[in-house]
Amino acid sequence: MFKSLRWKLQVFYSTLLATIIICSGSIFYYQVWRSTFAEVDSRLEASALYLDVTLRSFPPPIQQGVEAPPMLPPPLRPDGTAPPPPRPRRSKEQFLEELKLPQDFSFPGEGNPDDQPYFLVMTSKDKLLKKEFMPLDYPEAQSLAEQFNHQPTLIMLKNNLREVRMIGPSGSKIIVGKSLRHETIQLRNIAIQFIAIGLVFLVLGVGVSFAIAFRMVRPITQMSATAELLSEKDLSKRLDLNHVDSELAGLAEVLNRLFSRLDASFSRQRQFTADASHELRTPLTVIRSASELALSKPRSPEEYQETIEVSLKAAERMTNLVNGLLALARLDSSNADFHLQQINLSDLVGESVSLLGAIASEKQISLVSDLHSVKIFGNPESLSRMIDNLITNAIHYNKHCGKVFITLKSHDDKAVLEIKDTGVGISEEHLPFIFERFYRVDKARSRVSGGSGLGLAICKGVIEKHNGTITAQSILGEGTTFQIQLPIWKDSI
Numbered sequence: 328m329f330k331s332l333r334w335k336l337q338v339f340y341s342t343l344l345a346t347i348i349i350c351s352g353s354i355f356y357y358q359v360w361r362s363t364f365a366e367v368d369s370r371l372e373a374s375a376l377y378l379d380v381t382l383r384s385f386p387p388p389i390q391q392g393v394e395a396p397p398m399l400p401p402p403l404r405p406d407g408t409a410p411p412p413p414r415p416r417r418s419k420e421q422f423l424e425e426l427k428l429p430q431d432f433s434f435p436g437e438g439n440p441d442d443q444p445y446f447l448v449m450t451s452k453d454k455l456l457k458k459e460f461m462p463l464d465y466p467e468a469q470s471l472a473e474q475f476n477h478q479p480t481l482i483m484l485k486n487n488l489r490e491v492r493m494i495g496p497s498g499s500k501i502i503v504g505k506s507l508r509h510e511t512i513q514l515r516n517i518a519i520q521f522i523a524i525g526l527v528f529l530v531l532g533v534g535v536s537f538a539i540a541f542r543m544v545r546p547i548t549q550m551s552a553t554a555e556l557l558s559e560k561d562l563s564k565r566l567d568l569n570h571v572d573s574e575l576a577g578l579a580e581v582l583n584r585l586f587s588r589l590d591a592s593f594s595r596q597r598q599f600t601a602d603a604s605h606e607l608r609t610p611l612t613v614i615r616s617a618s619e620l621a622l623s624k625p626r627s628p629e630e631y632q633e634t635i636e637v638s639l640k641a642a643e644r645m646t647n648l649v650n651g652l653l654a655l656a657r658l659d660s661s662n663a664d665f666h667l668q669q670i671n672l673s674d675l676v677g678e679s680v681s682l683l684g685a686i687a688s689e690k691q692i693s694l695v696s697d698l699h700s701v702k703i704f705g706n707p708e709s710l711s712r713m714i715d716n717l718i719t720n721a722i723h724y725n726k727h728c729g730k731v732f733i734t735l736k737s738h739d740d741k742a743v744l745e746i747k748d749t750g751v752g753i754s755e756e757h758l759p760f761i762f763e764r765f766y767r768v769d770k771a772r773s774r775v776s777g778g779s780g781l782g783l784a785i786c787k788g789v790i791e792k793h794n795g796t797i798t799a800q801s802i803l804g805e806g807t808t809f810q811i812q813l814p815i816w817k818d819s820i
């Protein structure tokens with residue numbers, strides 16, 4: 328499974344989506360958490376400052392937790408009359424009745440008594456002035472003397488209480504706090520919602536990533552399916568480039584070309600097998616027919632000798648065909664022993680011209696050679712066979728008293744060998760196929776001359792084995808020119 332491209336893509340997309348969901352959810356949750364507690368802190372600070380302002384409006388004795396002294400009667404007026412009595416001074420309890428949290432400083436969740444904001448005010452000597460809604464589990468009194476400053480100071484107690492402490496007028500101490508139970512529950516619910524929404528998006532994302540991964544690998548699956556449909560009997564299947572993504576179009580084109588080459592290769596193989604069978608059947612039929620005819624009734628010694636001569640010629644033809652097939656098989660095999668060495672190509676061509684001179688003289692054909700010394704790196708046996716084959720063809724398919732021109736020279740780091748005859752030539756429609764196996768321009772004349780249709784195919788195979796090229800140009804009725812180009816041995820340049 329882990330070697331599957333589809334699963335790798337899906338795991339990648341799923342991991343990426345999960346990372347995005349976790350990171351974005353964490354950032355969003357942190358912002359909610361921060362804003363929630365920032366709001367609580369700001370309300371607590373505002374409440375503490377409100378109590379400070381309220382406490383400053385009280386007389387200093389009240390701020391110290393004692394009753395204000397009684398007011399002295401006002402002095403008499405100049406006319407001796409007594410002024411109206413002053414309004415009675417309020418008591419400490421009346422002042423402390425005004426000491427409460429502001430009504431507009433409300434907190435979410437205050438419907439629950441445990442979530443009510445509380446406050447506590449003490450004198451500078453830690454004498455209690457007033458307290459409201461104090462939690463039952465509030466810490467010991469000794470902790471109240473800690474962390475008091477003239478500016479509101481935020482502290483967090485162990486029992487999930489958030490407080491603001493500050494020093495008020497006359498050294499009084501103000502504490503305003505609130506339980507964070509409601510905010511904690513709210514944040515936990517938000518976290519659960521985030522997780523649930525994240526899981527939903529993750530499941531949807533996994534489904535989408537599976538669809539995307541399936542869509543991305545579908546062309547590859549189709550390529551595999553098309554390749555599986557190919558067989559030796561049917562190589563006509565091709566990939567539809569109209570339904571392939573641009574990134575895979577190049578691969579699809581390469582595969583289509585590969586399939587076309589396979590189709591052409593199998594077609595040539597089938598044609599080669601059929602042609603080889605046909606070519607081998609002809610001499611075998613000749614031998615069998617001649618033998619049956621000789622054995623059908625008593626014959627004279629001369630007739631038996633004629634039958635044996637016919638069979639021998641057929642056997643020689645079959646031997647030449649088998650040798651040609653063997654040579655092609657060796658050229659096609661990459662593991663075949665093909666020893667290369669430094670050779671002077673002019674020596675090989677000169678030897679072939681000398682050996683075939685007698686045959687050319689019998690047919691009244693002139694061999695004209697112009698050979699320059701050119702060294703190459705090649706196999707002498709196969710090159711000699713190739714040169715002999717081309718010169719022999721130029722002799723056999725030449726006109727009476729014709730000529731064969733053989734030139735060898737070097738050009739652009741290439742050894743260029745040209746064999747030109749003044750023979751019958753080859754028509755233009757046959758030129759593209761003359762290097763194919765068993766292809767004959769004139770089948771009847773080729774069989775009479777003993778040709779097997781493999782000579783030029785063998786020549787091409789030898790040239791390609793030497794990383795060279797062979798081309799043919801011909802004008803019907805005027806002659807044919809074969810040109811071979813082979814790499815020159817570098818040390819000889």
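Going letter by letter, the sequence shown gives residues 328 to 820 in this note's numbering.
Where is the CB? At the ideal position from N, CA and C, for every residue including glycine.
Identify the continuous beta strand (DSSP E) that holds residue i and give its terminal residues.
i	result
Phe422	Taken as a continuous stretch (DSSP letters only), Phe422 belongs to no beta strand (DSSP E), being part of the alpha helix (DSSP H) at Lys419 to Glu424.
His738	Lys730 to His738
Glu459	Leu455 to Glu459
Glu821	What is shown of the chain runs 328 to 820, which leaves residue 821 out entirely.
Thr450	Element bounds for Thr450: n/a, residue is neither H nor E.
Gly806	Gly806 to Pro814
Ser744	The sequence shown places Leu at residue 744, rather than the Ser named in the question. Taken as a continuous stretch (DSSP letters only), the beta strand (DSSP E) holding Leu744 covers Lys741 to Asp748.
Ile797	Thr796 to Ile802
Kindly indicate the opening and closing residues of the alpha helix (DSSP H) around residue i.
i	result
Asn716	Pro707 to His723
Gln478	Note, Gln478: premise wrong, no alpha helix (DSSP H); not H, not E.
Glu791	Gly782 to Lys792
Thr271	Because residue 271 is not part of the residues shown, which for the chain are 328 to 820, the question remains open.
Pro625	First-last for Pro625: undefined, no H or E at that position.
Gln390	Pro387 to Gln390
When DSSP builds the beta bridges, which residues end up paired with residue i?
i	result
Asn671	Lys702
Tyr445	Gly504
Leu484	Leu488
Val695	Phe732
Met493	Ile501
Could you work out which residue in the options is closest to residue i when comparing CA atoms only?
i	options	result
His477	Thr342, Val380, Met713 and Gly782	Val380
Phe364	Leu481, Ser331 and Gln391	Leu481
Asn671	Ile686, Leu781, Leu514 and Lys702	Lys702
Leu529	Glu425, Pro405 and Leu344	Leu344
Ile349	Gly525, Arg489 and Val367	Gly525
Pro387	Leu371, Leu456 and Leu428	Leu456
Pro814	Glu805, Thr808, Asn794 and Asn516	Asn794
Leu682	Asp715, Ala654 and Glu689	Asp715
Lys747	Arg361, Ser451 and Ser693	Ser693
Lys726	Lys690, Asp740, Asn706 and Phe704	Lys690
Leu611	Leu803, Ile790, Thr646 and Thr807	Thr646
Thr511	Leu556, Asp442 and Ala554	Asp442
Pro707	Val613, Ser451, Lys792 and Leu566	Lys792
Phe446	Glu459, Tyr724 and Arg565	Glu459
Ser277	Ala742, Arg370 and Gly788	Since the displayed the chain opens at 328 and closes at 820, residue 277 lies outside it and no answer follows.
Val533	Ser341, Thr749 and Phe809	Ser341
Ile377	Ile522, Val491 and Gly729	First, the amino acid is wrong: residue 377 is Tyr here, not Ile. Tyr377 has its Cα closest to that of Val491, out of Ile522, Val491 and Gly729.
Gln391	Ile614, Cys786, Ser499 and Ser587	Ser499
Lys730	Ala656, Thr807 and Val527	Thr807
Ile494	Pro429, Leu568, Tyr357 and Ser451	Ser451
Arg764	Glu630, Glu424, Leu744 and Ile785	Ile785
Tyr465	Phe521, Asn516, Val367 and Asn487	Asn487
Okay, do the region 627-643 and the region 788-805 touch, 3+ Cβ pairs below 8 Å being the bar?
No contact exists between the region 627-643 and the region 788-805.
Three or more C-beta pairs closer than 8 Å, one from the region 532-542 and one from the region 329-339: is that the case here?
The region 532-542 is in contact with the region 329-339.
Taking one C-beta from the region 578-591 and one from the region 540-554 each time, how about it: are there three or more such pairs within less than 8 Å?
Segments in contact, yes.
Should the region 756-764 be called in touch with the region 705-723, which here means at least 3 C-beta pairs below 8 Å?
These segments do not touch.
Stretch-stretch touch, CB-based, cutoff 8 Å, three pairs: the region 729-742 with the region 696-715
Output reads yes: the region 696-715 touches the region 729-742.
Assess contact between the region 636-650 and the region 672-679, defined as three or more Cβ pairs (one per stretch) separated by less than 8 Å. Is contact present?
At 8 Å Cβ cutoff, the stretches do not touch.
Would you be able to state if there are at least three C-beta pairs under 8 Å between the region 368-385 and the region 489-504?
In this structure the region 489-504 touches the region 368-385; the number of beta carbon pairs closer than 8 Å is three or more.
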